[in-house]
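Quick note, the sequences are listed as chains A and B, same order.
All residue numbers for the first sequence refer to numbering that gives the first Met the number 0, where the first residue is 0 and numbers rise by one.
All residue numbers for the second sequence refer to numbering that gives the first Met the number 0, where the first residue is 0 and numbers rise by one.
Notes for the one structure printed next.
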Amino acid sequence: MNLILYLSDMILPFVLFYIIASGLTAGRPVYDDFVEGAKEGFRTVLGVMPTLIGLMAGVSILRTSGFLDFLASLLSHIISEDLIRPELISVILVKLFSSSAATGLALDIFSRFGADSLPGLSASLMLSCTETIFYTMSVYFMSVKVKKTRYTLPGALAATAAGVVMSLILARRMLA
Amino acid sequence: MLNYLWAAMILVGVIWGAFHGTLGAVTEGALGGAKEAVSLCITMLGILSLWSGVLKIGERAGLLKKFSRGLRPFIRFLFPQVPEEHPACEAMSTNIIANMLGLGWAATPAGLKAMEQLDRLNEHKGRATNAMCTFLILNMSSLQLIPINMIAYRSQYGSVAPASIVMPALLATAVSTIVGIVAAKLFERFWP
């Protein structure tokens, strides 16, 4: 695990170096390209800002009303907290439908437990290795008018389940 | 989808608050959440602008094309039913690489084009082919190499090492993708 954490520290600088070096060898004006891309990134963030404001206000309302705690206590009757915290179950379930809503829930976990706590790390990893299955499937299959989706859903759910289990194991190892 | 989810969050929260005497906290929660979102966006403005600037350099340097070509043998293994020079292969490669690099805007159009091309090979319209199922399972198994958004969130929420999740996330992503591929290959043998 130490090696994995060590590599985590190195990967961003390495990617930066690699990409900028490839830009230079391709004879590109790298800084001009950078600024152009950064402008796009800037606009993207400004674009998602209203979405985030709405969602974080929504999650915050659910949290402060006490409803999320109630939901968590309901879930903890079904699955033991030692296995997976109830807050994480809601993150996974919501992620299948909406990435931004799941992000809202994960940020709530960060602010309550901390980003480096066990639930914080688990949520970080889970959101990094899963996709919005139902949304993606409907967009792609609708585009070609396919109704019989056959084994797509079970396959995607198997991949997601594997990602979630790995996230829980790795988050625990990161703190060990 | 999000319309219902969001409306439900607020309606349930207010009703729950009304019955449990927490409406005062709900008011504070609504205002606090909105404020928190803005400070999060300020952090994200920095990190995501930096990252998309760097990715733009990579894109202009032709990395997307270069990596897509390297993907060919893998595509041949995954989609034996699709002829090698078929335009679907190129679209699928672009989609996969763009997803790996986190270029969402490049991934979706290429993915939709791949589906359109795969549908031309489809003999039973309206029913997904093996290639379509496998392609989408792969796509939805998450391919992103560097979860830059998550790094930005973590840095905003006081993580001492926001990027510490990069390698573990990569490992989890790899496992989920492998499980997805194995499941797709198993299912395609017997699924009607």
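Heads up, the beta-carbon is just placed ideally off N, CA and C, and yes, glycines get one too.
Length at least 3, wholly inside the segment 133 to 158 of chain B: the beta strand (DSSP E) runs in chain order: Taken in chain order, no unbroken stretch of beta strand (DSSP E) lies wholly in the segment 133 to 158 of chain B with a span of 3 residues or more.
Within chain B, the residues that Ser142 (chain A) reaches when beta carbons sit closer than 8 angstroms: Taking the first sequence and counting its residues from 1, the one referred to as residue 142 (chain A) is at position 143. Residues of chain B passing the Cβ test: Leu111, Met114 and Glu115.
Span separating the alpha-carbon of Ser123 (chain A) from that of Glu122 (chain B): Along the first sequence, one-based indexing puts residue 123 (chain A) at 124. Along the second sequence, one-based indexing puts residue 122 (chain B) at 123. Within the model, the alpha-carbon separation for Ser123 (chain A) versus Glu122 (chain B) is close to 42 angstroms.
Cross-chain neighbours of Glu86 (chain A) in chain B, by beta carbon under 9 angstroms: Indexing the first sequence from 1 puts residue 86 (chain A) at position 87. Correct list: empty, because the minimum Cβ distance to chain B is about 15 angstroms.
Residue-level contact to chain B via CB, Lys146 (chain A), 7 angstroms cutoff: If you number the first sequence from 1, residue 146 (chain A) lands on position 147. A Cβ of chain B is located within less than 7 angstroms of the beta carbon of Lys146 (chain A).
Arg59 (chain B) versus Leu100 (chain B) - alpha carbon distance: Start at 1 with the first residue of the second sequence, and residue 59 (chain B) comes out as number 60. Start at 1 with the first residue of the second sequence, and residue 100 (chain B) comes out as number 101. Their Cα atoms are separated by approximately 14 angstroms.
Proximal residues of chain B, C-beta to C-beta of Ser234 (chain A) below 7 angstroms: Examination of residue 234 (chain A) is not possible in this model, given that chain A is present from 0 through 175 alone.
Whole-number beta carbon distance between Thr133 (chain B) and Ala183 (chain B), since they are thought to touch under 8 angstroms: Against the second sequence, residue 183 (chain B) aligns to sequence position 184. Against the second sequence, residue 133 (chain B) aligns to sequence position 134. Between Ala183 (chain B) and Thr133 (chain B) a beta carbon distance of about 4 angstroms is seen, short of the 8 angstroms cut, so the two are scored as contacting.
Interface partners of Ala162 (chain B) on chain A, CB under 9 angstroms: Walking along the second sequence from the start, residue 162 (chain B) turns up at place 163. Chain A residues near Ala162 (chain B): Ser7, Asp8, Ile10 and Leu11.
Per DSSP, cross-strand counterpart(s) of Arg126 (chain B): As a first step, residue 126 (chain B) must be located in the second sequence, where it is residue number 127. Note: Arg126 (chain B) sits in a beta bridge opposite A:Lys147.
8 angstroms Cβ cut-off: residues of chain B touching Gly57 (chain A): If you number the first sequence from 1, residue 57 (chain A) lands on position 58. Trp5, Met8, Ile9, Gly12 and Gly32, listed in chain order.
Chain-ordered chain B contacts of Ala25 (chain A) [CB-CB under 7 angstroms]: For the purposes of this step, residue 25 (chain A) is identified with residue 26 of the first sequence, where counting begins at 1. Counting only Cβ-Cβ distances below 7 angstroms, Ala25 (chain A) has contacts in chain B at Ala60 and Gly61, in chain order.
Alpha-carbon to alpha-carbon, Ile74 (chain B) and Ile56 (chain B): Within the second sequence, numbered from 1, the residue matching residue 56 (chain B) stands at position 57. Within the second sequence, numbered from 1, the residue matching residue 74 (chain B) stands at position 75. Ile56 (chain B) and Ile74 (chain B): Cα-Cα distance of roughly 26 angstroms.
Proximal residues to Met131 (chain B) (C-beta, below 7 angstroms), its chain only, five neighbours per side dropped: Numbered from its first residue, the second sequence carries residue 131 (chain B) at position 132. Excluding positions up to five away in sequence, the list reads Met114 and Leu117.
Cβ-based neighbour list, Phe140 (chain A), same chain, cut-off 7 angstroms, excluding 5 preceding and 5 following: Position 141 of the first sequence, counted from the first residue, corresponds to residue 140 (chain A). Answer for Phe140 (chain A): Thr148, listed in chain order.
Outcome for Met165 (chain A) when other beta-carbon atoms lying within 10 angstroms are tallied against a minimum of 16: In the first sequence, the residue the question calls residue 165 (chain A) occupies position 166. So Met165 (chain A) counts as buried.
Interface partners of Pro153 (chain A) on chain B, CB under 8 angstroms: The count along the first sequence starts at 1 and reaches residue 153 (chain A) at position 154. For Pro153 (chain A), the chain B residues whose Cβ falls inside 8 angstroms of its Cβ are Ala182 and Phe186, in order along the chain.
Three-state secondary structure assigned by DSSP to Asp32 (chain A): As a working mapping, residue 32 (chain A) is identified with position 33 in the first sequence. Helix.
Ala25 (chain A) in three-state terms, based on DSSP: On the first sequence, residue 25 (chain A) is found 26 positions in, with the first residue counted as 1. Note: Ala25 (chain A) maps to coil in three-state DSSP.
Closest Cα partner of Ala37 (chain A) within the set B:Trp50, B:Leu111, B:Val165 and B:Leu63: Working through the first sequence from its first residue, we reach residue 37 (chain A) at position 38. Scanning B:Trp50, B:Leu111, B:Val165 and B:Leu63 for the CA closest to the CA of Ala37 (chain A) turns up B:Trp50.
Own chain, CB closer than 8 angstroms to Leu74 (chain A), minus 5 neighbours either side, in chain order: Locating residue 74 (chain A) in the first sequence gives position 75, where the first residue counts as 1. Apart from the 5 residues on each side of it in sequence, Leu74 (chain A) sits with its Cβ closer than 8 angstroms to the Cβ of Pro85, Ile88 and Ser89 in its chain, given in chain order.
Close-in-space but distant-in-sequence residues of the same chain around Phe66 (chain B) (CB under 7 angstroms, 5 per side omitted): Start at 1 with the first residue of the second sequence, and residue 66 (chain B) comes out as number 67. So the qualifying residues of the chain are Ile96.
Closer than 7 angstroms to chain B by CB, Phe16 (chain A): Counted from its first residue, the first sequence places residue 16 (chain A) at position 17. Taking 7 angstroms as the CB threshold, Phe16 (chain A) stays off the interface with chain B.
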